[in-house]
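I have placed the structure first, in the form of structure tokens, so that the comments after it can refer back to it.
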Amino acid sequence: KVGAFVAGGGIAGSATFRYLAEAGFAPILINMDHGSSWRNIAGGRPAFSLPALADIAKHNLEIFKDLDSKGEIDFRLIRYISFAHDEANYKALEASTAWSDAYMVEKKDFKREISDYFNPDLDLYSHALISRDCWQASPGRTIDLVRHLGIEAGGTVFENTQLVNVSRNGDLYELLVKHPDGKYVRYQTEIFVNALGANAEKFAKQLGIETGLFPVRHQAFITKRLPLLGKNGAPLDMLIDRRKYKGFSAVYGQQLADTGQIIGCASPANDATDTFRNLKVGTREFIEIVAEVFSDWIPQLRGMSFQAMWSGYYIEPRYIVDPARGLFMGMRGHGFMLSQYIAKLYVDSLLGREVPDYFRKLALDGPGLSEQAFK
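When you read off a place in the sequence shown, starting at 1, and then add 985, the result is the number in our numbering.
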């Protein structure tokens, strides 16, 4: 019998593990594989079309700053640059300035504001929203540090360890777990957190819970080392094109400060086409779209070489964070920028502390917080 049990060691599960440990629950965290959203491209932003999500992201940034004071996570502040490709997109971007530190620039100022290398002849966008208070950090180092803080506070982590079955008997959850040595161990706990990403739905169903979530493949890339291409010789900030174009709804990426590599992603325009797709298989269409868009932005990138490509799952179509049901899932690829603060609120809720009204909206039977414009 343990004080708390967290299944899933991504950023959401690891952060919940940390805060449970710091609250004195002596939690267990088990993890298998690399996590669902392994396409993580190392960035965070408060630029959302919903004020509640912007508030969560701002608090998450403060947590990142605190982590940076405790260990090396390659943290630095960056800007998110969202291009306006039509009137509706422009209005959504402009509206977000009411609750975020951002300003709009015209096309004629792109070269001065974004990069000396930016293509002055590009006619795809009329404006760009430049959002401050955004950040970059190494996902792996961040998760390692978050788990380390949890271990220091009395928690235990089991890697390469698999949840086999979960059931509920009154107030107790009963879990069957397979450890890497092949042994099966039964655990009992009053606090169970299902943060299993693409596998979360399976174990929710074992408890009679229907979430309606499904995994959508998102592909990512990283280039070889490049000179710094951003404003005034800085790394290139996160650039985002949200046109629905050639089967994709967004192309975005940034330059890592420590290596000069550009890391980026493209989101499928239709979730159904990439639902449950094999993560080991990439597509030619993805390679072509990221090469085209990045080369349109900075023509000198036409000769760049990719170092690697990979995929991960976004869990759609909504966030579900419900301490009463033990659910922390459906982060829609926003886990790195939102889930540490949500994890703190999760534990605060368990402890009976006051939490913002929007946290209750994330429950399974709540209305949710639906980000559409800046997904």
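Beta carbons: idealized from backbone N, C-alpha and C, even for Gly.
Every value quoted in this text rests on a predicted model; they were computed, and no experiment measured them.
Check: Three-pair Cβ contact test at 8 Å for the region 1249-1260 versus the region 1053-1070; Outcome: no
Check: Reference T1001, options V1142, K1163, K1190, closest by Cα; Outcome: V1142
Check: W1282, DSSP secondary structure in three states; Outcome: helix
Check: Residues near P1352 in its chain [Cβ-Cβ closer than 8 Å; skip 5 each side]; Outcome: K1346
Check: Residues near A1006 by beta carbon distance below 7 Å, same chain, minus five either side; Outcome: P1012, G1135, A1138, G1139, G1140
Check: Limits of the unbroken beta strand (DSSP E) element including H1112; Outcome: 1112-1121
Check: Proximity below 9 Å, CB of I991 to CB of G998; Outcome: Checking the sequence shown, residue 991 turns out to be Val, not Ile. Yes. Within cutoff.
Check: Helix, strand or coil at A1235 [DSSP, three-state]; Outcome: strand
Check: Outcome for R1269 when other beta-carbon atoms lying within 10 angstroms are tallied against a minimum of 16; Outcome: exposed
Check: Same chain only: Cβ atoms within 8 Å of G1232, ignoring 5 sequence neighbours per side; Outcome: P1253, A1254, N1255, T1258, E1270, I1274
Check: For D1307: DSSP bridge partner residues; Outcome: L1312
Check: CB of L1211 within 9 Å of CB of M1289, strictly; Outcome: yes
Check: Rounded C-alpha distance that separates R1202 from R1003; Outcome: 28 Å
Check: Three-state secondary structure (DSSP) of V1131; Outcome: helix
Check: W1295 - partner residues in DSSP beta bridges; Outcome: A1205
Check: As assigned by DSSP and simplified to three states, the class of T1174; Outcome: strand
Check: Straight-line Cα distance separating K1093 from K1076; Outcome: 19 Å
Check: Identity of the residue in F1279, T1208, Q1285, S1296 nearest Q1246 by Cα; Outcome: T1208
Check: A1042, buried or exposed, once every other Cβ within 10 Å from all chains shown has been counted against 16; Outcome: buried
Check: Boundaries (first-last residue) of the alpha helix (DSSP H) holding A1251; Outcome: Unbroken run through A1251 is the beta strand (DSSP E), 1247-1253; no alpha helix (DSSP H).
Check: Cβ distance (whole Å) where N1150 is taken to contact L1161 below 8 Å; Outcome: 4 Å
Check: Nearest to K1216 (by Cα), restricted to the options V1306, F1261, Y1172, Y1102; Outcome: Y1102
Check: Length of the line joining the Cα atoms of Y1299 and S1034; Outcome: 19 Å
Check: Buried or exposed by the 16-neighbour rule on C-beta atoms within 10 Å, applied to A1073; Outcome: exposed
Check: Limits of the beta strand (DSSP E) - the one that E1007 falls within; Outcome: It is not in any beta strand (DSSP E) - E1007 instead sits in the alpha helix (DSSP H) that spans 996-1007.
Check: Counted within 10 angstroms of its Cβ, other Cβ atoms place L1181 as buried (16 or more) or exposed; Outcome: buried
Check: Three-pair Cβ contact test at 8 Å for the region 1303-1318 versus the region 1328-1348; Outcome: yes
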